[in-house]
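Peer 1:
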Amino acid sequence: MEPIIGSSPAPAEMAGLVKNGSTASFMADVIDASHDAAIVVDFWAPWCGPCKQLGPALEKAVKDARGAVRMVKINIDENPELAQQMRIQSIPAVYAFKDGRPVDGFVGAVPDSQVKQFVARLAGAAAGPSPIEEALALAKEALAAGDAARASNIYSQILQHEPGTAEAVAGLARIAIDRKEFAKARQLLERVPKESAQHAEVAAARTALELAETGAKAQGAVGELRARLERNAADHEARVELASALFAAGEREQAVDELLELVRRDRKWNDEAARKQLVKFFEAMGHGDPLTVAARKRLSSILFS
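With this note's numbering applied, the sequence shown covers 1 to 305.
1) Checking the sheet assignment: what are the DSSP bridge partners for W44?
2) Hey, quick one: how far does the alpha helix (DSSP H) through F182 stretch, first residue to last?
3) Based on DSSP bridge pairs, tell me the residues matched to Y95.
4) What are the start and end residues of the alpha helix (DSSP H) that includes N270?
5) So within the stretch 142–219, which uninterrupted alpha helix (DSSP H) runs reach at least 4 residues, ignoring any that extend past its ends?
6) Just the C-alpha distance for P102 and N270, rounded to the nearest angstrom, thanks.
7) Between S301 and A273, what straight-line distance do the alpha-carbon atoms span, to the nearest angstrom?
8) Verify whether the separation of the beta carbon atoms of I177 and A212 is less than 8 Å.
9) Can you tell me where the beta strand (DSSP E) holding V18 begins and where it ends?
10) Take the Cβ of W47 as the centre, count every other Cβ of all protein chains shown within 10 Å, and call the residue buried at 16 or more, exposed below.
11) Rounded to a whole number of angstroms, what is the C-alpha to C-alpha distance between R87 and L229?
12) Check for me: the alpha helix (DSSP H) holding Q85 runs from which residue to which?
13) At what residues does the alpha helix (DSSP H) containing D64 begin and finish?
14) Going straight from the alpha carbon of Q117 to that of L242, what length do you get?
15) Using the DSSP secondary-structure output, state which residues sit across from V69 in a beta bridge.
16) What did DSSP end up calling V30 once you bin it into helix, strand or coil?
Following this line, the structure appears as structure tokens:
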């Protein structure tokens with residue numbers, strides 16, 4: 001009876017599934033060989049701690065694929081010119097080649113389960129999110145955790161593989177906005193391909209930039225704006241400017257409170273300016289953000305009370 005999973009390769013074949021490569025052998029070991037099977041290239045170095053964790057997991061997953069995938073290990077200390085050609089900026093860096101070209105990849109140590117999924121997809125044994133989608137998820141997690149440097153690195157790697165990826169451009173733009181690098185954020189957003197210009201995350205980043213630039217101009221006047229409101233709580237213009245300044249400073253909840261207070265006092269003022277500004281806040285924060293969800297409920301309660 002024919003095995004359901006497939007027969008195991010002979011010991012000699014198993015031994016050849018993982019090999020050390022070099023600049024000189026890269027064409028034969030990776031480019032040419034990738035026409036016969038998917039080739040995983042692991043860029044590593046002896047001093048890299050995460051590499052020592054990832055390497056064995058990759059080797060095991062490759063061997064478990066029973067010949068459908070092979071692996072080539074490249075020591076970047078011994079092959080700096082190859083690492084430069086491949087634009088390796090951090091390690092571990094893993095690329096997958098098929099039919100002479102890179103098709104998948106990821107940067108940094110990842111859990112064993114993700115390593116198995118990565119190799120399984122290459123072997124045609126499983127379906128799942130693409131490496132780009134996985135990288136985007138990792139970048140968002142890093143950004144949410146406050147690790148902007150790691151998020152920026154991942155987004156940059158994504159754009160090296162797939163230039164113009166809307167989510168990656170928007171992510172880098174948001175990082176630039178948080179760092180008050182408004183000109184850089186604008187340049188990034190202006191380079192988004194026309195077909196992605198209306199992408200939700202690009203639009204949200206563009207709104208966030210607009211709010212940040214407007215709010216930054218008013219930040220120095222926060223004290224004055226508060227004083228104006230103390231003298232006259234009906235100074236609606238001061239309240240809108242204060243909300244913008246607070247939002248730009250990261251005081252999002254206070255900014256939302258100020259606008260909700262204005263809607264409560266005079267929802268029709270200046271062609272519903274407070275409500276429209278709140279909508280911009282919601283877009284910039286993201287429609288799934290807990291503050292957005294809570295503020296929408298409060299806004300609805302005021303409008304329909």
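Glycine residues also receive a C-beta, built at the ideal position from the N, C-alpha and C atoms.
Peer 2: In short, the structure shows the following:
1) In the sequence shown, the residue the question calls residue 44 occupies position 44. Answer by DSSP bridge pairing, in chain order: N75.
2) Residue mapping note: residue 182 aligns to position 182 of the sequence shown, counting from 1. In the DSSP annotation of this structure, the continuous segment of the alpha helix (DSSP H) that includes F182 starts and ends at F182 to E190.
3) Residue 95 sits at position 95 when you count from the first residue of the sequence shown. In the DSSP output, where bridge partners are listed per residue, Y95 has V41 and G105.
4) Mapped onto the sequence shown, residue 270 falls at position 270. If you look at N270, you'll find it in the alpha helix (DSSP H) that goes W269 to M285.
5) Fully contained in the stretch 142–219 are the following alpha helix (DSSP H) runs of length 4 or more, in chain order: 148–161, 166–178, 182–190 and 200–219.
6) In the sequence shown, counting from the first residue as 1, residue 102 sits at position 102. In the sequence shown, counting from the first residue as 1, residue 270 sits at position 270. Spanning the two alpha carbons is a distance of roughly 55 Å.
7) What you label residue 301 is simply residue 301 of the sequence shown in a count that begins at 1. What you label residue 273 is simply residue 273 of the sequence shown in a count that begins at 1. Between the alpha carbons of S301 and A273 lies a distance of about 18 Å.
8) As a first step, residue 177 is located in the sequence shown; it is residue number 177 there, counting from the start. As a first step, residue 212 is located in the sequence shown; it is residue number 212 there, counting from the start. Result yes, Cβ atoms of I177 and A212 sit closer than 8 Å.
9) One-based indexing of the sequence shown puts residue 18 at position 18. Unbroken beta strand (DSSP E) run through V18: V18 to N20.
10) Residue numbering aside, residue 47 sits at position 47 when the sequence shown is read from its first letter. Within a 10 Å sphere around the beta-carbon of W47 sit fewer than 16 other beta-carbons, which makes this residue exposed.
11) Mapped onto the sequence shown, residue 87 falls at position 87. Mapped onto the sequence shown, residue 229 falls at position 229. Roughly 55 Å between the two C-alpha positions.
12) Taking the sequence shown and counting its residues from 1, one reaches residue 85 at position 85. Annotation: the continuous alpha helix (DSSP H) that includes Q85 extends over P80 to Q85.
13) If you number the sequence shown from 1, residue 64 lands on position 64. Here the alpha helix (DSSP H) through D64 covers G49 to D64.
14) Within the sequence shown, residue 117 is the residue found at index 117, counting from 1. Within the sequence shown, residue 242 is the residue found at index 242, counting from 1. Using only the alpha carbons, I get a separation of about 49 Å.
15) On the sequence shown, position 69 is the one that residue 69 refers to. DSSP lists A38 as partners of V69.
16) Here residue 30 is taken as the residue at index 30 of the sequence shown, counted from 1. Correct three-state label for V30: helix.
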